[in-house]
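Counting in this note's numbering, the sequence shown runs from 755 upward without gaps. Shown next, in structure tokens, is the structure this report addresses.
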Amino acid sequence: MQVGMGYGLWQEQTQKLIMTPELRQAITVLQFSSLELLDFLESETQHNPMLEVERTIDWTELAKELRQNGGSQTAGGSYAPAQEEAQDGIRQGVTLHEHLEKQLRLLPLTGEMLRIGTYLIGNLDSNGYLTLSVEDCAVALAVQKERVLHALQHVQSLEPTGVGARNLGECLRLQLAEMENVPPAIERLIDHYLEEVAQGRITRVAGLLNVSPVEVQRMVDLLKKLDPKPGRMYSTESPSFIIPDVTVERVGSDYVVIVNDKSVPRLRINDFYRNMLTSSDELHKETKDYINSKLSHALWLLKSIEQRRQTIYNVTTAIVELQRAFFEQGVRALKPLTLRQVAEKIGMHESTVSRATTGKYVQTPRGVFELKYFFTSGVQTTSGESASAESIKSEIKQLVEAENPRKPLSDQKLTELLQEKGIEIARRTVAKYREEEHIPSSSLRKRYEE
């Protein structure tokens, strides 16, 4: 039996998304952070003669201004005088080696001591530790070992205290040497029991040192005041900065969303080339086509920038409305929120909301947050509502802060207390959230006090 095969024509209607260059550009512009967009626009103005900045602008100075006005990702705080001096050195671009060599040259040293000391400083790592042995240094410089040890003492006398150490124990002892009323047993603790202390075995260490647990606790508290990496304050790594893309301000009982337009220079179409297209009939076709293509690209770029601004505004406004309790009460009132909820509220696709929130930051009366921060999962409460992961973490932190340090709350006890507040949560989830907040276990939080 043969099966016949025929040929025919028919119509079929399908939907297909065509990714045009203009759409691809709009997506790219939307996902840029403020600094990334600044770099992108600088490149565009250099390659497209149709684009110009409304006022003369130094791109380097603008980027510098943005970084100065932006907040560092690391939280600020109070510093000791030595640390303030170090921070000034960092701002001026002074490295650890330069800082130490400058101090070394001020000491009354012989030429040989200065040469050895400079060599030792050159072999310190970023944390301030000596990376080669005294013996290897003596061989490399063709000097006696005793001369190297003498020079090392001079290096170890420099600021910040603790540099030039060959190990953690020596680094801590150098810092303790400048303190008064140091417990005598702390030397043995440093030499033999640092790991035991790190594991919270205070009672065991007390027995080994033949002192009370209270005395061990005092020594541990003293060690926590020392810096195990004294050279890191002179790290040459560039700090990361946050430029808020949008600001939320409280006006009366309402919250107003303001997009940060200062981070994006105002662009416009170059009048000279625009007039050339409209007033000149003698333009060569290739020249006219070139100008038209650049004009079309410039117009799409301006439209993409405005779409980015409007999208960020719409997304932030929706977040403020959906997370109003957070702005009123703080992290404890943060609710679970998904990209879909915001997308449905503003009539956009989830992927658009995702691009608009990734790498974008909002300055609020409660601090600076990435827009992604407001999208969190949650757990069910006994009242039938949901509590976000961030709000539960905040509850855990408050419970730990209020606990009796002699009898810290275990993960099981924390679970029970949260359940009493109507939050249905498992112990393993509590342990996970505690670890994400860098809160030690109950055994490591326990303190021994009189």
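Think of the CB as a built atom: it goes at the ideal place given N, C-alpha and C, for glycine as much as any other residue.
Locate the beta strand (DSSP E) running through Tyr1115, then write down its first and last residues. Element bounds for Tyr1115: Tyr1115 to Thr1118.
Across which residues does DSSP place Asp1205 in a beta bridge pair? No answer is possible for residue 1205: it lies beyond the span of the chain, which begins at 755 and ends at 1204.
Just to check, is the beta-carbon of Ser1047 closer than 7 Å to a non-hydrogen atom of the ligand MN? Absent from the structure shown: the ligand MN. Ligands present: none.
Only counting runs of 3 or more residues, tell me where the beta strand (DSSP E) segments fall wholly within the segment 1051-1132, in order along the chain. 1115-1118 and 1121-1124, all fully within the segment 1051-1132.
Buried or exposed by the 16-neighbour rule on C-beta atoms within 10 Å, applied to His853: So His853 ends up on the buried side.
Simplified DSSP state of Ile1150, which is helix, strand or coil: For Ile1150, the secondary structure class from DSSP, reduced to helix, strand or coil, is helix.
Could you check what DSSP says for Gly825 in three-state terms: helix, strand or coil? With a pLDDT of only 45 at Gly825, under the threshold of 50, the placement of this residue in the model should not be trusted, and no figure is reported.
Would you list the one or two residues that DSSP bridges to Val1206? Absent from the model: residue 1206. The displayed extent of the chain is 755 to 1204, so no value can be given.
Does DSSP classify Phe995 as helix, strand or coil? In the structure shown, Phe995 sits in a strand (DSSP, three-state: E or B).
On the DSSP bridge list, what partners appear for Leu884? Under DSSP, Leu884 shares a beta bridge with Leu878.
How is the alpha helix (DSSP H) around Ser1196 delimited, first residue to last? Segment Ser1196 to Arg1199, the alpha helix (DSSP H) holding Ser1196.
If contacts are defined as beta-carbon pairs under 8 Å, then Lys978 and Asn881 qualify, I think. What distance do you get, rounded to the angstrom? The C-beta distance from Lys978 to Asn881 rounds to 18 Å, too long to meet the 8 Å contact threshold.
Bridge partners of Val1205, per DSSP? With the chain covering only 755 through 1204, there is no way to say anything about residue 1205.
Assigned secondary structure, Ile1179 (DSSP; H/G/I helix, E/B strand, else coil): Coil.
CA-CA distance, Gly830 and Lys1186? Note that Gly830 scores 36 on pLDDT, short of 50, meaning its location in the model is unreliable and no value can be drawn from it.
Close Cβ partners of Thr1118 (< 6 Å) along its chain, the five nearest in sequence each way excluded: Val1002, listed in sequence order.
Per the contact definition of three or more C-beta pairs closer than 8 Å, is the segment 795-811 in contact with the segment 1118-1128? Touching, no, given that fewer than three Cβ pairs across the two stretches are closer than 8 Å.
Would you be able to state if there are at least three C-beta pairs under 8 Å between the segment 908-922 and the segment 965-978? Taking 8 Å as the limit for Cβ pairs, the verdict is that the segment 908-922 does not touch the segment 965-978.
Bounding residues of the alpha helix (DSSP H) (the contiguous stretch that carries Arg859): Counting along the chain, the alpha helix (DSSP H) containing Arg859 begins and ends at Leu850 to Arg859.
Beta-carbon gap between Asn1014 and Pro803 smaller than 8 Å: Contact: no.
List the endpoints of the continuous alpha helix (DSSP H) containing Asp981. According to the DSSP assignment, Asp981 belongs to no alpha helix (DSSP H), since it is labelled neither H nor E.
For the pair the segment 921-935 and the segment 895-905, tell me if three or more CB-CB distances fall below 8 Å. With the rule of 3 Cβ pairs closer than 8 Å, the segment 921-935 does not count as touching the segment 895-905.
For Val968, which three-state DSSP category applies? Assignment of Val968 by DSSP, reduced to helix, strand and coil, places it in the helix class.
Under a Cβ-count criterion, where at least 16 other Cβ atoms within 10 Å of its own Cβ denotes burial, should Ala1156 be classed as buried or exposed? Exposed is the call here.
Alpha carbon to alpha carbon, what distance is there between Glu941 and Met867? When rounded, the separation of the alpha-carbon atoms in Met867 and Glu941 is 30 Å.
Please say whether Asp879 and Thr885 have beta carbons closer to each other than 8 Å? Contact flag set, yes.
Assign Lys1016 to buried or exposed, taking buried as 16 or more other Cβ atoms, counted over all protein chains shown, within 10 Å of its Cβ. Lys1016 should be labelled exposed.
Roughly how far, in whole angstroms, is the beta-carbon of Val1184 from the beta-carbon of Thr1169, given that I think they are within contact range, below 8 Å? The C-beta distance from Val1184 to Thr1169 rounds to 5 Å, short enough to meet the 8 Å contact threshold.
Do Val807 and Pro1019 have their C-beta atoms within less than 8 Å of each other? Yes, these two residues count as a Cβ contact at 8 Å.
Please return the same chain residues whose Cβ sits closer than 8 Å to the Cβ of Ile1150, not counting the five positions on each side in sequence. The answer, listed in chain order, is Leu1168, Leu1172, Val1184, Tyr1187, Arg1188, Glu1191 and Ile1193.
Quick one: what does DSSP say Leu912 is sitting in, helix, strand or coil? Looking at Leu912 - three-state DSSP - the assignment turns out to be coil, as it is neither helix nor strand.
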